[in-house]
């Protein structure tokens with residue numbers, strides 16, 4: 001398969017601002033070109049927009065705003081992992097030879113329609129995703145004898161790390177006590193256990209090996225890709241104490257990259273809720289089942305930013321269509337040693353984990369120097 | 370590049386029925402599997418949904434309903450050419466090696482939000498696409514001295530051909546007189562000049578050469594692909610008497626297939642409105658500029674179904690996300706000599722032309738035995 005690399009990126013702060021989706025989308029693309037003025041816009045032959053927004057034809061709209069006339073242009077939606085679905089699609093256009101340089105821009109507004117799953121009638125009156133998170137949390141705690149205090153380490157660590165991310169929505173430090181005493185939303189979920197919807201966007205450019213070498217001295221290569229969809233509703237085909245789609249996607253991505261989980265120096269994990277971080281770490285093989293919290297505690301105590309250096313979804317905010325792209329940018333910066341106060345030591349290989357709707361589907365990417 | 374072939378298809382009647390998008394989507398996928406029960410659903414490793422519908426996560430929903438657990442699953446939107454955008458994306462997954470067999474299902478409801486371009490404020494009070502069609506028609510008539518009666522041959526021919534298509538919305542024959550005397554919507558557009566929104570869906574499966582040969586004796590190969598996006602709003606970068614994006618997409622597709630326009634035995638042309646059929650024929654090179662109507666008249670007089678055998682968008686109806694897939698199915702059936710009363714003689718090479726929003730973007734595919 002042809003080599004495909006990340007050659008440029010741009011991002012916006014994640015906020016609660018009320019802005020048109022077109023405005024939000026444009027901001028990260030402009031940020032990308034401001035930081036990479038050497039890139040010739042005529043070389044961009046595909047523009048993919050990742051969003052849950054209901055506006056149509058956003059890719060041609062963005063293309064026109066930034067002065068690009070691409071061959072391929074459309075929007076991609078898969079709830080919370082729209083971003084990595086778009087990255088994998090861009091990869092396939094380049095690897096197949098149909099495109100040479102692809103701009104992927106993800107954006108969302110704080111009131112994204114992707115947060116309300118009106119189609120899942122099995123949720124009864126609960127429409128917000130805290131429903132599945134609450135059931136996951138109850139089940140995980142029971143199966144592995146984990147306490148609310150144990151899980152609270154996830155938001156404590158991720159808000160601390162977000163403090164070092166200038167684009168994160170959170171700029172506060174919280175204690176275990178703060179998490180436990182934050183508003184109780186269900187028996188098992190508190191306000192600080194949740195990532196928060198927000199307005200924001202993130203853009204990257206992927207290129208073929210030849211175009212990458214023309215445009216940057218420090219490309220980051222996508223060496224592993226894994227994706228899996230188990231179902232649409234979490235009441236079917238889903239374990240309540242592990243993430244099957246994450247397991248399969250992780251296995252496929254590592255195999256393609258010819259790597260093992262021990263090779264991963266830094267990882268972005270889809271911590272939509274506190275419980276998701278240990279569950280995903282376990283399903284990816286970072287630890288045995290039920291032991292993910294131990295890793296998180298140790299990293300927190302040693303101030304090691306290896307997992308979710310930018311603060312995860314809980315610390316950064318979660319603009320659905322932009323999240324997978326923002327995760328990929330973070331790992332790219334880590335590999336390029338450009339993550340400033342968030343920098344993890346000696347990063348050669350990084351991993352992105354992005355999922356949707358109770359881990360009914362997952363994407364895992366492996367990135368390398 | 371690896372060979373990619375069409376190995377199965379399914380379709381629904383195009384109607385005005387009020388059905389849930391999930392129901393509509395499922396119908397053509399079920400029709401596909403009913404007609405191809407030998408296909409092992411476990412072999413399908415990607416499911417792409419083409420639609421303008423606002424419902425989210427439709428690909429995992431469809432996958433669950435049909436019993437498939439794909440790797441890749443998401444929705445694709447690009448207004449009226451969402452269908453061919455999805456086909457090209459599927460092609461790239463297979464050609465890159467990331468997938469081996471891809472199901473593409475397109476569906477729309479009669480009240481699709483893709484018909485209202487709320488973002489194009491340059492349209493003033495006109496939100497329905499008749500605005501651009503009216504300006505195109507006025508300009509085309511003036512530049513090439515074409516009359517309303519000349520253009521009326523398009524709906525007359527296409528409704529006639531739709532009579533032979535059991536899935537078409539239209540089952541009436543109209544005369545030039547009927548078209549001219551149908552309700553006047555603008556100075557230059559009458560009701561019978563318009564394709565009509567409808568409820569319907571269409572599904573196809575694309576496969577690698579190896580999987581195609583295992584699953585069918587009569588694969589149809591996608592040998593040429595061309596796509597181009599000029600802009601988002603038709604007030605910019607757009608000629609009013611030709612279709613620039615169609616010209617460029619057609620050129621690229623024929624070049625990739627190593628064909629000339631003279632090799633094309635049958636074509637599906639995106640006749641959203643009467644004027645679009647001659648304009649597209651000219652931009653694709655079937656005739657000189659201003660002479661497209663002559664071809665259409667001659668084909669109609671000799672009862673030759675070469676252009677838009679299934680009745681085009683005007684005769685079949687236009688369920689946005691399904692249209693490009695339905696067009697591709699028609700050309701597949703023509704190449705397989707399975708088009709019954711619509712069959713064109715000696716078909717070896719066919720072409721699909723699918724566009725969006727005043728031809729601001731176009732896709733052209735070349736299909737062959």
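Protein chains in written order, with the working numbering: chain A, 1 to 369; chain B, 370 to 738.
Glycine included, C-beta positions come from ideal geometry on N, C-alpha and C.
By Cβ distance below 8 Å, which residues in the same chain neighbour residue i in space, the five residues on each side in sequence not counted?
i, result
"residue 414/B", "439, 440, 441, 468, 469, 470 and 471"
"residue 522/B", "545, 662, 665, 666 and 669"
What number of angstroms, rounded off, separates the C-alpha of residue i from the C-alpha of residue j?
i, j, result
"residue 358/A", "residue 133/A", "7 Å"
"residue 385/A", "residue 335/A", "Residue 385/A is absent from the structure shown; chain A starts at 1 and stops at 369."
"residue 370/B", "residue 97/A", "7 Å"
"residue 518/B", "residue 648/B", "16 Å"
"residue 194/A", "residue 396/B", "38 Å"
"residue 347/A", "residue 49/A", "29 Å"
"residue 164/A", "residue 155/A", "15 Å"
"residue 598/B", "residue 731/B", "7 Å"
"residue 664/B", "residue 656/B", "8 Å"
"residue 309/A", "residue 239/A", "28 Å"
"residue 22/A", "residue 65/A", "9 Å"
"residue 698/B", "residue 18/A", "43 Å"
"residue 701/B", "residue 145/A", "58 Å"
"residue 261/A", "residue 311/A", "21 Å"
"residue 475/B", "residue 464/B", "21 Å"
"residue 33/A", "residue 24/A", "15 Å"
"residue 356/A", "residue 108/A", "15 Å"
"residue 627/B", "residue 734/B", "12 Å"
"residue 214/A", "residue 87/A", "21 Å"
Residues in the same chain with beta-carbon distance under 7 Å from residue i, minus the five sequence neighbours each way, listed in chain order, please.
i, result
"residue 620/B", "595"
"residue 436/B", "410"
"residue 160/A", "173"
"residue 305/A", "161, 342 and 344"
"residue 247/A", "283"
Is the CB of residue i under 7 Å away from at least one CB in chain B?
i, result
"residue 243/A", "no"
"residue 21/A", "no"
"residue 229/A", "yes"
"residue 70/A", "yes"
"residue 108/A", "no"
"residue 319/A", "no"
"residue 371/A", "For residue 371/A there is no data in the structure shown, the boundaries of chain A being 1 and 369."
"residue 371/A", "The structure shown does not extend to residue 371/A, since chain A is modelled only from 1 to 369, so the question has no answer here."
"residue 147/A", "no"
"residue 83/A", "no"
"residue 232/A", "yes"
Counting only beta-carbon atoms, is residue i nearer than 7 Å to chain A?
i, result
"residue 692/B", "no"
"residue 446/B", "yes"
"residue 699/B", "no"
"residue 703/B", "no"
"residue 442/B", "yes"
"residue 433/B", "yes"
"residue 620/B", "no"
"residue 466/B", "yes"
By Cβ distance below 6 Å, which residues in the same chain neighbour residue i in space, the five residues on each side in sequence not counted?
i, result
"residue 747/B", "There is simply no residue 747/B to check, as chain B begins at 370 and stops at 738 in what is shown."
"residue 209/A", "3"
"residue 36/A", "8"
"residue 282/A", "289 and 292"
"residue 74/A", "59"
Mapping DSSP to helix, strand and coil, what is residue i?
i, result
"residue 72/A", "strand"
"residue 374/B", "strand"
"residue 630/B", "helix"
"residue 583/B", "helix"
"residue 642/B", "strand"
"residue 227/A", "strand"
"residue 401/B", "helix"
"residue 539/B", "coil"
"residue 243/A", "coil"
"residue 165/A", "coil"
"residue 499/B", "helix"
Since residue i and residue j should fall inside the 8 Å C-beta cutoff, what is the C-beta to C-beta distance between them, to a whole number of angstroms?
i, j, result
"residue 575/B", "residue 638/B", "That pair is no contact at about 22 Å."
"residue 111/A", "residue 141/A", "Between residue 141/A and residue 111/A the Cβ distance is about 31 Å, and since that is not below 8 Å, they are no contact."
"residue 313/A", "residue 272/A", "6 Å"
"residue 610/B", "residue 512/B", "5 Å"
Just checking residue i against the ligand MG - is the residue's beta carbon closer than 6 Å to any of the ligand's heavy atoms?
i, result
"residue 550/B", "Looking at this structure, you won't find the ligand MG or any other ligand, since it has none at all."
Is the Cβ of residue i closer than 7 Å to any Cβ of chain D?
i, result
"residue 54/A", "The displayed structure is made up of protein chains A and B, and chain D is not among them."
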